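According to the working numbering, the sequence shown is numbered sequentially starting from 1041.
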Amino acid sequence: MENRRKQQKSSRNAFFKFLKHGKRMICNRFALLFTVGSFLLLFWLRGEEKVGSIDLVGKLPEQHLLVEVVWKPKDLARGLMYRESLPENQGMLFVLPFEQKAVFWMKNTRIPLSIAYMDNRGKILEIYSMKPFDLTPVPSQSSFVKFALEVNEGWFQRHKLLPGDQLTPKDTTWEKLLLLLNN
């Protein structure tokens, strides 16, 4: 009988030891899973990072512009439509899916604009003026357009920018911007 009690006590102790160590093991595994899950979530969210706006700069101090960056098809199609105004040193940078001949128009756009077609290094290839609500296409002559930059009409002239001049993103490069956009 005494042997049996010792055996039961030993079994009970083993069971409580298992619970004690099992809880620790479960907690350790949960902590590991939580940590890995957190890193995966952060990595995934980083991949979903939105560019929003960037600063573009030229060679001269007055050649500074804050631009909204668009690259998704629905945003490329909408552009500056329906906007009432555009602050003087702001604009919209369209990132095209590949280098191509580009065509823009002013459907539902109330603001007179200038557009610069640029290559993949930010070199201005062509500049055009566009009138509000004009459905006439404004095609590029170049087949190497990667970016289109829309600003208030006359902005390029007022800031002494011509075809052949270059704009660069402040604090990054065009290559890094394209990588961030997965474009």
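For every residue, glycine included, the Cβ atom is placed at its ideal position computed from N, Cα and C. This one's a predicted model, so the numbers in the text were calculated from it and none came from an experiment.
Other residues of its chain near residue i: CB distance less than 6 Å, five sequence neighbours each side excluded
i     : result
L1153 : M1170, E1190 and E1193
L1207 : L1096, G1098 and G1162
P1134 : Note on residue identity: the sequence assigns Phe, not Pro, to residue 1134. Excluding sequence neighbours, F1134 sits near V1110, L1116 and A1188.
V1178 : F1144, Y1168 and M1170
D1211 : none
E1102 : H1199
Neighbour-count burial assignment, residue i, 16 or more Cβ in a 10 Å radius
i     : result
A1142 : buried
S1180 : buried
P1172 : exposed
T1213 : exposed
G1131 : buried
L1126 : buried
G1092 : exposed
P1209 : buried
F1079 : Note that F1079 scores 46 on pLDDT, short of 50, meaning its location in the model is unreliable; the coordinates nonetheless yield the value given after this. The residue is exposed, with fewer than 16 neighbouring Cβ atoms inside 10 Å.
L1217 : buried
For residue i: DSSP bridge partner residues
i     : result
N1192 : L1153
E1108 : S1093 and M1132
E1166 : Y1157
T1208 : V1097
P1179 : V1143
F1187 : V1135 and M1158
Presumed contact (8 Å Cβ cut-off) between residue i and residue j, rounded CB distance
i     : j     : result
M1158 : F1138 : About 14 Å; that fails the 8 Å criterion.
Proximity to residue i [Cα-Cα], best of the options
i     : options                       : result
L1100 : D1211, V1178 and F1196        : F1196
K1200 : I1167, L1217, P1127 and M1132 : I1167
R1150 : L1136, L1175 and L1202        : L1175
V1185 : A1156, D1211, K1216 and L1202 : A1156
S1183 : Q1140, R1118 and D1211        : Q1140
Other residues of its chain near residue i: CB distance less than 7 Å, five sequence neighbours each side excluded
i     : result
H1104 : D1095, V1097 and N1129
L1106 : S1093, D1095, N1129 and Q1130
E1124 : R1150
Residues near residue i in its chain [Cβ-Cβ closer than 8 Å; skip 5 each side]
i     : result
G1204 : K1163 and I1164
N1148 : M1121, Y1122 and F1173
K1090 : Unreliable placement is indicated for K1090, whose pLDDT of 49 sits below 50; the coordinate value is still reported in the next sentence. Contacts found: none.
L1081 : Caution applies to L1081, whose pLDDT of 45 falls short of 50 and renders its modelled position unreliable; the model cannot decide the point.
Any non-hydrogen atom of the ligand MG closer than 7 Å to residue i Cβ
i     : result
Q1197 : Among the ligands in the structure shown, none appear at all, so the ligand MG cannot be discussed.
CB contact check: residue i to chain C, cutoff 8 Å
i     : result
L1207 : Although the question refers to chain C, the structure presented lacks it and comprises just one protein chain.
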